[in-house]
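Residue numbers (the numbering used here), protein chains in the order written: chain W, 4 to 117; chain G, 311 to 424.
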Amino acid sequence: KQEVTQIPAALSVPEGENLVLNCSFTDSAIYNLQWFRQDPGKGLTSLLLIQSSQREQTSGRLNASLDKSSGRSTLYIAASQPGDSATYLCAENAGGTSYGKLTFGQGTILTVHP
Amino acid sequence: ETGVTQSPTHLIKTRGQQVTLRCSSQSGHNTVSWYQQALGQGPQFIFQYYREEENGRGNFPPRFSGLQFPNYSSELNVNALELDDSALYLCASSSGRGPGYEQYFGPGTRLTVT
Chain W
4 KQEVTQIPAA
14 LSVPEGENLV
24 LNCSFTDSAI
34 YNLQWFRQDP
44 GKGLTSLLLI
54 QSSQREQTSG
64 RLNASLDKSS
74 GRSTLYIAAS
84 QPGDSATYLC
94 AENAGGTSYG
104 KLTFGQGTIL
114 TVHP
Chain G
311 ETGVTQSPTH
321 LIKTRGQQVT
331 LRCSSQSGHN
341 TVSWYQQALG
351 QGPQFIFQYY
361 REEENGRGNF
371 PPRFSGLQFP
381 NYSSELNVNA
391 LELDDSALYL
401 CASSSGRGPG
411 YEQYFGPGTR
421 LTVT
């Protein structure tokens, strides 16, 4: 059974701080891993997608890494801003099927205070 | 290019009733996946439709059913509603059915069952 775990469940930091969100997955045959942002009551916005053949992806102040051997991914946010406050979800796509089923973690609720 | 849209935005139903949720896929996409997100949890995969056929299903009972139309829009139907069906329902579209195709999410439909 595929399981995705995110730590911590919640995080509160002052503006300007660099931070790391963690994601663990159990399926070593991962196809790709994706990080999403979700604002309260809203849909999902894709931040970064890392293919299994890649080690990391970067977009602006965001950097995501993938370590298949340890079953871990991290999302690094540099110079955090109050506008970064949201829930961050990671999702693995394990492949092995004819369809793209994403298995999500429970998310990390991030609060960046001025 | 129009993104993924869902209707209605919010819905309140009574236990035992039936509900239909709708999703319009992004232009050029032929695959729609549906997810259920309970409060405080990550989304869970319900099923995927590819070219009007169900292409994969998660651990949901048969009272959750779907349709995909020739224009690739989709409906999620839930019969005999239960209180635990209260959740945010998300649809995602992609340009193909396999794990290598990135899924783009809509804003969701918030269903409340009383």
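We put the beta carbon where it would ideally sit given N, CA and C, even for glycine.
Residue i versus residue j - alpha carbon distance
i: residue 117(W); j: residue 40(W); result: 20 Å
i: residue 369(G); j: residue 356(G); result: 7 Å
i: residue 12(W); j: residue 115(W); result: 15 Å
i: residue 374(G); j: residue 107(W); result: 20 Å
i: residue 385(G); j: residue 341(G); result: 12 Å
i: residue 413(G); j: residue 363(G); result: 18 Å
i: residue 35(W); j: residue 315(G); result: 25 Å
i: residue 10(W); j: residue 345(G); result: 22 Å
i: residue 338(G); j: residue 403(G); result: 10 Å
i: residue 360(G); j: residue 7(W); result: 26 Å
i: residue 421(G); j: residue 411(G); result: 28 Å
i: residue 2(W); j: residue 378(G); result: A query on residue 2(W) cannot be resolved here, the shown segment of chain W reaching from 4 to 117 and no further.
i: residue 400(G); j: residue 347(G); result: 7 Å
i: residue 55(W); j: residue 376(G); result: 31 Å
i: residue 343(G); j: residue 42(W); result: 21 Å
i: residue 336(G); j: residue 415(G); result: 9 Å
i: residue 76(W); j: residue 407(G); result: 25 Å
i: residue 323(G); j: residue 372(G); result: 19 Å
i: residue 60(W); j: residue 92(W); result: 16 Å
i: residue 395(G); j: residue 15(W); result: 31 Å
i: residue 405(G); j: residue 30(W); result: 25 Å
Cβ-Cβ distance between residue i and residue j below 8 Å
i: residue 419(G); j: residue 321(G); result: yes
i: residue 387(G); j: residue 330(G); result: yes
i: residue 21(W); j: residue 80(W); result: yes
i: residue 50(W); j: residue 65(W); result: yes
i: residue 366(G); j: residue 354(G); result: no
i: residue 74(W); j: residue 409(G); result: no
i: residue 58(W); j: residue 68(W); result: yes
i: residue 423(G); j: residue 398(G); result: no
i: residue 78(W); j: residue 24(W); result: yes
i: residue 417(G); j: residue 4(W); result: no
i: residue 2(W); j: residue 351(G); result: Because residue 2(W) is not part of the residues shown, which for chain W are 4 to 117, the question remains open.
Residue environment, residue i, which counts as buried when at least 16 other CB atoms sit within 10 Å
i: residue 381(G); result: exposed
i: residue 90(W); result: buried
i: residue 96(W); result: buried
i: residue 334(G); result: buried
i: residue 32(W); result: exposed
i: residue 317(G); result: exposed
i: residue 86(W); result: exposed
i: residue 70(W); result: exposed
Any non-hydrogen atom of the ligand NAD closer than 7 Å to residue i Cβ
i: residue 59(W); result: This structure lacks the ligand NAD, and indeed carries no ligand of any kind.
Legend entry - chain G contacts from the segment 45-61 of chain W (Cβ-Cβ distance under 9 Å): The residues in question are 45, 46, 47, 48, 49, 52 and 54.
Inset, instruction - Scan the segment 383-408 of chain G for residues whose Cβ lies nearer than 7 Å to a Cβ of chain W and list them as they occur along the chain. - result: Taking 7 Å as the Cβ-Cβ cut-off against chain W, the residues of the segment 383-408 of chain G that qualify are 400, 404, 407 and 408.
Inset, instruction - Taking a Cβ distance cut-off of 8 Å, strictly less, list which residues of the segment 412-423 of chain G are near chain W, in chain order. - result: Residues 412, 413, 414, 415, 416, 417, 418 and 420.
Inset, instruction - Using a Cβ-Cβ cut-off of less than 7 Å, list which residues of the segment 76-105 of chain W approach chain G; keep chain order. - result: Here the close residues are 92, 96, 98, 100, 101, 102, 103, 104 and 105.
Legend entry - Residues of the segment 21-34 of chain W whose Cβ lies closer than 7 Å to any Cβ of chain G, in chain order: Under the 7 Å Cβ criterion, the segment 21-34 of chain W contributes 34.
Legend entry - Positions along the segment 320-336 of chain G whose CB lies within less than 7 Å of some CB in chain W: Here the close residues number zero.
Inset, instruction - Could you pull out every unbroken beta strand (DSSP E) segment of at least 3 residues lying fully inside the segment 49-100 of chain W, listed in chain order? - result: Restricted to the segment 49-100 of chain W, the beta strand (DSSP E) segments that are unbroken, complete and at least 3 residues in length are 59-62, 65-70, 75-80 and 89-96, listed in chain order.
Legend entry - Continuous beta strand (DSSP E) assignments of at least 3 residues falling wholly in the segment 325-361 of chain G: You should have 329-334, 341-347 and 354-360.
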